[in-house]
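S.K.:
2 protein chains.
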Amino acid sequence: MAVIIDGKALAAEVDQDTKKQVDSLLKRGLEPHLVVILVGDNEASQIYVRNKSRRAEKLGIKSTVIKLDADTSEQDLLDQIEKLNTDDSVHAILVQMPLPDQINEFKVIETISPKKDADGFNPVNVGRLSAGQMDHTPVACTPKGIMKMLEKYQVNVDGKNVVVVGRSNIVGKPMSYLLLNANATVTVAHSHTANLKQLTKTADILVVAVGKTHFIKVQDIKDDAVVIDVGMDRDENGKLTGDVEFSSADKVASFITPVPKGVGPMTISMLMQQTVELAKWSKE
Amino acid sequence: MAVIIDGKALAAEVDQDTKKQVDSLLKRGLEPHLVVILVGDNEASQIYVRNKSRRAEKLGIKSTVIKLDADTSEQDLLDQIEKLNTDDSVHAILVQMPLPDQINEFKVIETISPKKDADGFNPVNVGRLSAGQMDHTPVACTPKGIMKMLEKYQVNVDGKNVVVVGRSNIVGKPMSYLLLNANATVTVAHSHTANLKQLTKTADILVVAVGKTHFIKVQDIKDDAVVIDVGMDRDENGKLTGDVEFSSADKVASFITPVPKGVGPMTISMLMQQTVELAKWSKE
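For the protein sequence lines, the chains are B and X, in the order given.
In this text, residue positions in the first sequence follow this note's numbering: the first is -7, and each later residue adds one.
In this text, residue positions in the second sequence follow this note's numbering: the first is -7, and each later residue adds one.
1. By Cβ distance, which residues of its chain are closer than 6 Å to residue 173/B, with the 5 residues on each side in sequence left out?
2. What is the DSSP secondary structure of residue 85/B, reduced to helix, strand or coil?
3. Contact check, residue 91/B vs residue 100/B under 8 Å by CB: the rounded distance?
4. On the CB-based measure, 16 or more other CB atoms within 10 Å of its CB, does residue 39/B come out buried or exposed?
5. In or out: residue 126/B buried (at least 16 other Cβ within 10 Å) or exposed?
6. At the level of alpha carbons, what is the spacing between residue 268/X and residue 224/B?
7. Residue 56/X lies in the beta strand (DSSP E); which residues open and close that run?
8. For the alpha helix (DSSP H) containing residue 77/X, list its first residue and its last residue.
9. Spell out a yes or no on whether the stretch 180 to 189 of chain X and the stretch 160 to 179 of chain B are touching, meaning 3 or more CB-CB pairs, one atom from each, closer than 8 Å.
10. What residues from the stretch -3 to 15 of chain X come within 7 Å of chain B, judged by C-beta to C-beta, listed N to C?
11. So, does the CB of residue 125/X fall closer than 8 Å to a CB anywhere in chain B?
12. Using 10 angstroms around the beta-carbon of residue 237/B, count the other beta-carbons present and answer buried if the total reaches 16, otherwise exposed.
13. Give me the residue from 272/X, 23/X, 258/X with the minimum Cα distance to residue 6/X.
14. Rounded to whole angstroms, how far is the Cβ of residue 214/X from the Cβ of residue 189/X, which I believe are closer than 8 Å?
15. Report the rounded CA-to-CA distance for residue 146/B versus residue 32/B, giving the unit in angstroms.
16. Looking only at DSSP bridge pairs, what is residue 162/X linked to?
17. By how many angstroms is the C-alpha of residue 181/X removed from the C-alpha of residue 4/X?
18. Comparing C-alpha positions only, which one of 159/X, 144/X, 119/X, 164/X sits nearest to residue 135/X?
19. Once the 5 residues before and after residue 78/B are set aside, which same chain residues still bring their CB inside 7 Å of it?
20. How would you label residue 102/X, buried or exposed, when you count the other beta carbons within 10 angstroms and need 16 or more for buried?
21. What residue range is occupied by the uninterrupted beta strand (DSSP E) comprising residue 178/B?
22. Output yes or no for whether 8 Å exceeds the beta carbon distance between residue 109/B and residue 133/B.
23. Using a cut-off of 9 Å between C-beta atoms, extract the partners of residue 130/B located in chain X.
24. 8 Å is my cut-off, CB to CB: does residue 185/X come that close to chain B?
25. Given residue 15/X, which residues of its chain have a CB within under 8 Å of its CB, disregarding the five upstream and five downstream residues?
26. Which first and last residues belong to the beta strand (DSSP E) in which residue 221/B is found?
27. Report the three-state DSSP secondary structure of residue 15/B (helix, strand or coil).
28. Taking the CB atoms as reference points, tell me whether residue 130/B and residue 265/B lie closer together than 8 Å.
29. Pick helix, strand or coil for residue 26/B, following the three-state DSSP scheme.
30. According to the neighbour-count rule (16 or more other Cβ atoms, all chains shown, within 10 Å of its Cβ), is residue 221/B buried or exposed?
31. Three-state secondary structure (DSSP) at residue 185/X?
32. Suppose the cutoff is 7 Å on Cβ atoms and the five residues either side in sequence are ignored; what does the same chain contact list for residue 263/B look like?
33. For residue 122/B and chain X, any beta-carbon pair shorter than 8 Å?
34. Compute the Euclidean distance between the alpha carbons of residue 260/X and residue 56/B, then round it to the nearest angstrom.
35. Can you list, in chain order, the stretches of the alpha helix (DSSP H) that have 4 or more residues and sit fully within the stretch 115 to 172 of chain B?
36. Count the other CB atoms within 10 Å of the CB of residue 212/B; is the residue buried (16 or more) or exposed (fewer)?
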């Protein structure tokens, strides 16, 4: 039976540490400040934004939510970001995705100052990550949280065969760069991959981020593999579940993340940690 | 017997096309201008720089070589780059690597304007490449040349298992991003990889960039694999040779690049093409 990686507990630990850092910054007169921009009224986005600002408040981080109408023009959004870029009281900016069709998401990402890039999606930061230049470089929070989990559970990554299923800019790609920087042998697989399930079965560490309920089953996993499930899917009963069939996979894996209480809770905790780091770096 | 990918002939084709484009730009009053900065007197670097400026001149591209002393300070070099960044008559800047110890290479790369980034090494451009945002994005010339070769020889990349051996910022990483963007399943292997030769034997397309003479031999290659050799090594007699033992590998590969006359000639041709592209883009 696999060791279950307790993302909820680890997230709480990270939060505790973040809270301490916030307290010490407040004493120095620096109040970390995260601004989240929400365009339109996507229901899931509203929940995500609310969770982020609640968590921020809980940790003593100032959070401001800017709500813009669904028909906001791209230029108006970019102007708004430019204003925040030059506002010294703002340390971290996050634009909640997805955005309405009239707005180019990549343009938005490029406009957020790399120094206030809460999500780590700006190409400058992605390029630095790619080059292994990690000093003062914010990184996508989900992969960052996964690295933290692997570290906490003392999973050795060096020289291991890692298969990352999914190649999004938010998870799969930055995940692969972090793992490569940590000396893993990394394969990025995706919808065009031939014999995908044969490939996943060769992985010492398997990261799955495809958004399909129970896409990976026990027979697709190597004995003693470490299985990281980034899925946040709904099963036929509307219950939150992952990309991996946990109930069977945990029989062969050595370590496995559950859904819920696995990768999910880590992401928001890493976002908070990163906000505090950005605030600190702004004074250096 | 493998089809030998003729890099020399293809490079000549690319040059011909570049020359045409230069001629048409000159008619419009735009003279593409590449500035190469050489710090110190590394012998190999001097040869590379000379080859680049000769090729530029041959194609009608203006080339300027700035030679700086080996003890040039980092700040002096950065100041020099900043001057070129704001000089409208300069379209492409290249700082020849390696640099003397007192100069941080990554700082230099970050200082070159992404819009004049002849080598495509600036993190902004790497991040755009990673995100598949290829519009007006310069890309590292060696991988760019390899993609051109694969295209010319109609090697289908989509869904293929590609193993890239070597993870440099100049070849391995940008190569993997280009291939992933083209829907290949990409594995990046390197010095920490366990059972490397077993892995290379699974590759439909094998790209080798490790800088070790005949590192890959016939038994490390899958039947009918496409083999791309980025090596520029010297054998025990001082003869230029590759990372792949060509004389045996060409018996099992379906396509293979020789050394010399393979990947090497393409790199400089892609640099010239990219210089012309940067000149064009500067007017858009």
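Don't be surprised by glycine CBs; every beta carbon is placed ideally from N, CA and C.
M.R.: From the atom records:
1. Position 181 of the first sequence, counted from the start, is the residue given in the question as residue 173/B. Once the five neighbours on either side are set aside, the close Cβ partners of residue 173/B are 124.
2. Taking the first sequence and counting its residues from 1, one reaches residue 85/B at position 93. The answer is strand: DSSP assigns residue 85/B an E or B state.
3. Here residue 91/B is taken as the residue at index 99 of the first sequence, counted from 1. Here residue 100/B is taken as the residue at index 108 of the first sequence, counted from 1. Confirmed, about 7 Å.
4. In the first sequence, counting from the first residue as 1, residue 39/B sits at position 47. Exposed is the call here.
5. Stepping through the first sequence from its first residue, residue 126/B is reached at position 134. With fewer than 16 Cβ atoms within 10 Å of its Cβ, residue 126/B is classed as exposed.
6. By one-based count along the second sequence, residue 268/X stands at place 276. By one-based count along the first sequence, residue 224/B stands at place 232. Spanning the two alpha carbons is a distance of roughly 46 Å.
7. Numbered from 1 along the second sequence, position 64 holds the residue referred to as residue 56/X. Start and end: 54 to 60.
8. In the second sequence, residue 77/X corresponds to position 85, counting from 1. Where residue 77/X is concerned, the enclosing alpha helix (DSSP H) stretches over 66 to 77.
9. yes
10. none
11. For the purposes of this step, residue 125/X is taken as residue 133 along the second sequence, with counting starting at 1. With 8 Å as the cut-off, residue 125/X counts as an interface residue toward chain B.
12. For this step, residue 237/B is matched to residue 245 along the first sequence. Flag for residue 237/B reads buried.
13. For this step, residue 6/X is matched to residue 14 along the second sequence. Of the candidates 272/X, 23/X, 258/X, the one whose C-alpha sits nearest the C-alpha of residue 6/X is 258/X.
14. In the second sequence, residue 214/X corresponds to position 222, counting from 1. In the second sequence, residue 189/X corresponds to position 197, counting from 1. About 11 Å; that fails the 8 Å criterion.
15. Stepping through the first sequence from its first residue, residue 146/B is reached at position 154. Stepping through the first sequence from its first residue, residue 32/B is reached at position 40. Going from the Cα of residue 146/B to the Cα of residue 32/B covers about 42 Å.
16. Translated into the one-based positions of the second sequence, residue 162/X becomes position 170. Answer by DSSP bridge pairing: none, since residue 162/X is not bridged.
17. Along the second sequence, one-based indexing puts residue 4/X at 12. Along the second sequence, one-based indexing puts residue 181/X at 189. Approximately 32 Å, taken between the alpha carbons.
18. Numbered from 1 along the second sequence, position 143 holds the residue referred to as residue 135/X. The residue with the shortest Cα to Cα distance from residue 135/X is 164/X.
19. The residue you call residue 78/B lines up with position 86 of the first sequence. Here the set comprises nothing.
20. Within the second sequence, the letter at position 110 stands for residue 102/X. Per the 10 Å Cβ criterion, buried.
21. Along the first sequence, read from residue 1 onward, the residue named residue 178/B stands at position 186. Element bounds for residue 178/B: 177 to 181.
22. On the first sequence, residue 109/B is found 117 positions in, with the first residue counted as 1. On the first sequence, residue 133/B is found 141 positions in, with the first residue counted as 1. It is not a contact, given that the beta carbons lie outside the stated cut-off.
23. For the purposes of this step, residue 130/B is taken as the residue at position 138 of the first sequence. Going along chain X, no residue has its Cβ under 9 Å from residue 130/B, so there is no contact; the nearest lies around 12 Å.
24. Here residue 185/X refers to the residue found at position 193 of the second sequence. With 8 Å as the cut-off, residue 185/X counts as an interface residue toward chain B.
25. As a position in the second sequence, residue 15/X is number 23, starting the count at 1. The answer, listed in chain order, is 52.
26. The sequence position of residue 221/B within the first sequence is 229, counting from 1. Per DSSP, residue 221/B is one residue of the beta strand (DSSP E) stretching across 218 to 221.
27. In the first sequence, residue 15/B corresponds to position 23, counting from 1. In this structure, residue 15/B counts as helix in the three-state DSSP scheme.
28. The count along the first sequence starts at 1 and reaches residue 130/B at position 138. The count along the first sequence starts at 1 and reaches residue 265/B at position 273. Taking 8 Å as the Cβ cut-off, residue 130/B and residue 265/B do not qualify as a contacting pair.
29. In the first sequence, the residue the question calls residue 26/B occupies position 34. Note: residue 26/B maps to strand in three-state DSSP.
30. Taking the first residue of the first sequence as position 1, residue 221/B is located at position 229. Burial call: buried.
31. Taking the first residue of the second sequence as position 1, residue 185/X is located at position 193. Coil.
32. The sequence position of residue 263/B within the first sequence is 271, counting from 1. Closer than 7 Å at Cβ, skipping near neighbours: 44, 110, 133.
33. As a working note, residue 122/B is residue 130 in the first sequence. True, the Cβ-Cβ gap to chain X drops below 8 Å.
34. Against the second sequence, residue 260/X aligns to sequence position 268. Against the first sequence, residue 56/B aligns to sequence position 64. Between residue 260/X and residue 56/B, the C-alpha separation is close to 50 Å.
35. 115 to 122, 133 to 144
36. Within the first sequence, numbered from 1, the residue matching residue 212/B stands at position 220. Residue environment: residue 212/B is assigned as buried (16 or more neighbouring CB atoms within 10 Å of its CB, all protein chains considered).
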